[in-house]
Amino acid sequence: MRTGGLSLDQAPSEDIPLRFFLTAPIFGLASGMLVIWKGGLIFSNTWIPETIALTHLITLGWMGMVMFGALYQMIPVLVGGIVPFPSLSRMLHTMMIPAILLMASGFFWNHYMLLKTALILVFLTIFFFVLQLVPPLVRADGSRPVVLAMRLALGCLGLTLLMGSLNLAQYSGWWPGILDRNMLKTVHLLMGLLGWIGCLIFGVGFHVIPMFYLSKPFPESRARGILLSGFGSLLALSLGIILEWNKELLLLLSLPGLAAVLLFSFTILKMLHQRKRKVSDSTLRLWQGGILSLCLAVPLGLAHLIYPGQQWLMLFGVLFLGGFAVSVSNGMLYKIAPFLVWFHRFSPLVGQIKVPLLKDLLPNRSAWVQTTFHGSSLMLVCVGIVFESDSAIRLGAGLWMFSSLLLLINLILVISKFPKSQESPVV
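Whatever position you read off the sequence shown (first residue = 1), add 1354 for the numbering used here.
Here it is as structure tokens:
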């Protein structure tokens, strides 16, 4: 592992990112339970309340937790910025859990009071999160691709919050419906999935692939070009949807973004293939599977824009969220969590006592088992959507739950490792 260029002395207290990371697979369990309960119905239409509940359990519950925790760790370490008010980070985590549960419950039961309460909590949580991260990102060196990616991702998160809040306020009857909800939903999805999640994963990938897998560096000029062309395409596409431009123009506007995705994917896969350390592990397969899922998902999303169909959109959602975003974040949890534990608890004792190697904190076998269940669950759900098989979808959801449980257990096993002379602190 390469640690050059990292400001490890500025790393936050280990409990801040770890509390977010530990919570993510719990929402994975909840999302699997919901699919088992409702079966194929949940993948029949994006406007069904249960489908919206499932989407937010994954986007806010899983990805939100992982990405919030990752940014709290990466901004000081990768960017060199100091995130102010660390106690606010812990408070936002505490607020985020009931906010997500209330939102999912409100959609599932179609309960307006729950939705209104959830809207307040979610809005405040994300608003203060963005406000907390703006100062260190503004002061950081904007010429670095990872900083540019974080800035773009945070901006997209703000726009996602705005569009989602307007839509939910109309849906819950808080103010009269003067805006087209389908337009709000589409821009909300574009900014949230491709902007917030996509930009951040791209930016992290630029840095962590060379760091963890000893590959060649990602070319900086190419990284900036990918981010700017992808973000420009996303903005133009969102504007076209708001102004109701024709489908042909929307397709044209999406082409730079598609090219950016394909170039990023090709470069990452090439870097992984040419890595110096040829040993394979589960995290490598999660990255490779995630990139391939991304390459399948984006054309399906474009197909829905040109030839609207619920099946296209459902497959896009499963492949982008489950196949790409969750797979990559899953792999990064297996890299980041052991590193945090080793750095905070064992590295100060090097030369004094025998300390474990980084790879010893998480046995590769248990991670491989979880990765296998994760991939199998996604394949079954996709088969169920294509062939409208309720049993395949429910079985896939069961495997997804088991995969989430195994991930949670693996993370707990990592976090429970301490030098024999130390007592376990409360996380």
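Even glycine gets a Cβ: it sits at the ideal position worked out from N, Cα and C.
Determine the direct distance from the alpha carbon of Thr1471 to that of Phe1620, and round the result to whole angstroms. Position 266 of the sequence shown, counted from the first residue, corresponds to residue 1620. Position 117 of the sequence shown, counted from the first residue, corresponds to residue 1471. Computed Cα separation, rounded: 44 Å.
Any heavy atom of the ligand ATP closer than 7 Å to the beta-carbon of Met1625? The ligand ATP is absent from the structure shown, which contains no ligands of any kind.
Assess, as a yes-or-no matter, whether the region 1701 to 1717 is touched by the region 1380 to 1390 under the definition of 3 or more beta carbon pairs within less than 8 Å. no
According to DSSP, is Val1633 helix, strand or coil? Start at 1 with the first residue of the sequence shown, and residue 1633 comes out as number 279. It is coil, neither helix nor strand.
Opening and closing residue of the alpha helix (DSSP H) in which Glu1602 lies: Counted from its first residue, the sequence shown places residue 1602 at position 248. That run of the alpha helix (DSSP H) goes Lys1601 to His1627.
Using 8 Å for Cβ pairs, my map puts Ala1407 next to Phe1477. What's the rounded Cβ distance? For this step, residue 1407 is matched to residue 53 along the sequence shown. For this step, residue 1477 is matched to residue 123 along the sequence shown. The C-beta separation of Ala1407 from Phe1477 comes to about 18 Å, leaving the pair out of contact by the 8 Å criterion.
Just checking my contact of Gly1677 with Gly1655 at CB under 8 Å: how many whole Å lie between their CB atoms? To locate residue 1677, count along the sequence shown from 1; it is residue 323. To locate residue 1655, count along the sequence shown from 1; it is residue 301. Their Cβ separation, rounded to whole angstroms, is 13 Å, which puts Gly1677 and Gly1655 out of contact at 8 Å.
Quick one: give me the first and last residue of the alpha helix (DSSP H) that Asp1744 is part of. For the purposes of this step, residue 1744 is taken as residue 390 along the sequence shown, with counting starting at 1. First-last of the alpha helix (DSSP H) with Asp1744: Asp1744 to Ile1769.
Could you spell out the range, first to last residue, of the alpha helix (DSSP H) harbouring Gly1496? Here residue 1496 refers to the residue found at position 142 when the sequence shown is read from its first residue. No alpha helix (DSSP H) contains Gly1496, which DSSP labels as neither H nor E.
Could you round the C-beta distance between Phe1422 and Leu1687 to whole angstroms and report it? I think they count as a contact, below 8 Å. Here residue 1422 refers to the residue found at position 68 of the sequence shown. Here residue 1687 refers to the residue found at position 333 of the sequence shown. Between Leu1687 and Phe1422 the Cβ distance is about 13 Å, and since that is not below 8 Å, they are no contact.
Cβ pair count under 8 Å reaching 3, the region 1387 to 1397 against the region 1736 to 1755: Segment contact: the region 1387 to 1397 against the region 1736 to 1755, three or more CB-CB distances shorter than 8 Å; contact assigned.
Endpoints, alpha helix (DSSP H) assigned at Thr1725: To locate residue 1725, count along the sequence shown from 1; it is residue 371. That run of the alpha helix (DSSP H) goes Asn1718 to Phe1741.
Under 8 Å between the Cβ atoms of Ser1569 and Leu1616? For the purposes of this step, residue 1569 is identified with residue 215 of the sequence shown, where counting begins at 1. For the purposes of this step, residue 1616 is identified with residue 262 of the sequence shown, where counting begins at 1. No, they are not a contact pair.
Closest to Lys1774 by C-alpha separation, out of Leu1761, Leu1604, Val1709 and Ser1731, would be which residue? Here residue 1774 corresponds to residue number 420 of the sequence shown, with the count starting at 1. When each option's Cα is compared against that of Lys1774, the closest is Val1709.
Quick test of your reading: Ser1730 and Leu1759, contact by CB under 8 Å. State the CB separation rounded to the nearest angstrom. As a first step, residue 1730 is located in the sequence shown; it is residue number 376 there, counting from the start. As a first step, residue 1759 is located in the sequence shown; it is residue number 405 there, counting from the start. So it is not a contact: roughly 14 Å between Cβ atoms.
Starting from Ala1577 and walking both ways along the alpha helix (DSSP H), at which residues does that stretch end? In the sequence shown, residue 1577 corresponds to position 223, counting from 1. Looking at the DSSP string, the run of the alpha helix (DSSP H) that includes Ala1577 is Glu1574 to Ile1596.
Is the number of C-beta pairs between the region 1433 to 1444 and the region 1404 to 1420 that are closer than 8 Å three or more? no
Residues near Arg1578 in its chain [Cβ-Cβ closer than 7 Å; skip 5 each side]: Taking the first residue of the sequence shown as position 1, residue 1578 is located at position 224. Annotation for Arg1578: Pro1499 and Leu1502 place their beta carbon closer than 7 Å to its own, counting only its chain and skipping 5 residues before and after.
Distance between Ala1679 and Pro1489 (C-alpha atoms, nearest Å): Locating residue 1489 in the sequence shown gives position 135, where the first residue counts as 1. Locating residue 1679 in the sequence shown gives position 325, where the first residue counts as 1. Spanning the two alpha carbons is a distance of roughly 27 Å.
Going by CA-CA distance only, name the one from Leu1516, Arg1373, Ser1634 and Pro1662 that's closest to Met1545. On the sequence shown, residue 1545 is found 191 positions in, with the first residue counted as 1. The candidate whose alpha carbon is nearest that of Met1545 is Leu1516.
Determine, using beta-carbon pairs with one atom in the region 1687 to 1701 and one in the region 1709 to 1728, whether at least three such pairs fall under 8 Å. yes
Residues in the same chain with beta-carbon distance under 6 Å from Ser1367, minus the five sequence neighbours each way, listed in chain order, please. The sequence position of residue 1367 within the sequence shown is 13, counting from 1. The answer is none, since no qualifying residue turns up.
By DSSP, does Val1704 sit in helix, in strand, or in coil? Along the sequence shown, read from residue 1 onward, the residue named residue 1704 stands at position 350. If DSSP states are grouped into helix, strand and coil, Val1704 belongs with the strands.
Determine the DSSP secondary structure at Lys1689, reduced to helix, strand or coil. Residue 1689 sits at position 335 when you count from the first residue of the sequence shown. Helix, per DSSP.
Cα separation between Phe1483 and His1658? Here residue 1483 is taken as the residue at index 129 of the sequence shown, counted from 1. Here residue 1658 is taken as the residue at index 304 of the sequence shown, counted from 1. C-alpha separation (whole angstroms): 33 Å.
Out of Ala1614, Ile1596 and Leu1591, which has the shortest C-alpha to C-alpha gap to Leu1603? Working through the sequence shown from its first residue, we reach residue 1603 at position 249. Comparing Cα positions, the closest option is Leu1591.
Roughly how many angstroms lie between the CA atoms of Tyr1525 and Phe1700, to the nearest whole one? By 1-based counting over the sequence shown, the position of residue 1525 is 171. By 1-based counting over the sequence shown, the position of residue 1700 is 346. Approximately 51 Å, taken between the alpha carbons.
Using three-state DSSP, classify His1465 as helix, strand or coil. Position 111 of the sequence shown, counted from the start, is the residue given in the question as residue 1465. Coil at His1465, not helix or strand.
N- and C-terminal bounds of the alpha helix (DSSP H) containing Trp1666: The count along the sequence shown starts at 1 and reaches residue 1666 at position 312. Note, Trp1666: alpha helix (DSSP H), Gln1664 to Gly1671.
Around the C-beta of Pro1379, are 16 or more other C-beta atoms found within 10 angstroms, so that it is buried, or is it exposed? Along the sequence shown, one-based indexing puts residue 1379 at 25. Burial call: buried.
Cβ distance (whole Å) where Leu1588 is taken to contact Gly1611 below 8 Å: Taking the first residue of the sequence shown as 1, we reach residue 1588 at position 234. Taking the first residue of the sequence shown as 1, we reach residue 1611 at position 257. About 6 Å separates the two Cβ atoms, so the contact holds.
With distance defined between alpha-carbon atoms, name the residue in Asp1635, Ala1453 and Ser1770 nearest to Leu1473. Reading the sequence shown from its first residue, position 119 is the one you call residue 1473. Answer by Cα proximity: Ala1453.
Can you tell me the Cα-Cα spacing of Val1735 and Met1537, whole angstroms? Your numbering for residue 1735 matches position 381 in the sequence shown. Your numbering for residue 1537 matches position 183 in the sequence shown. Those two C-alpha atoms are separated by around 28 Å.
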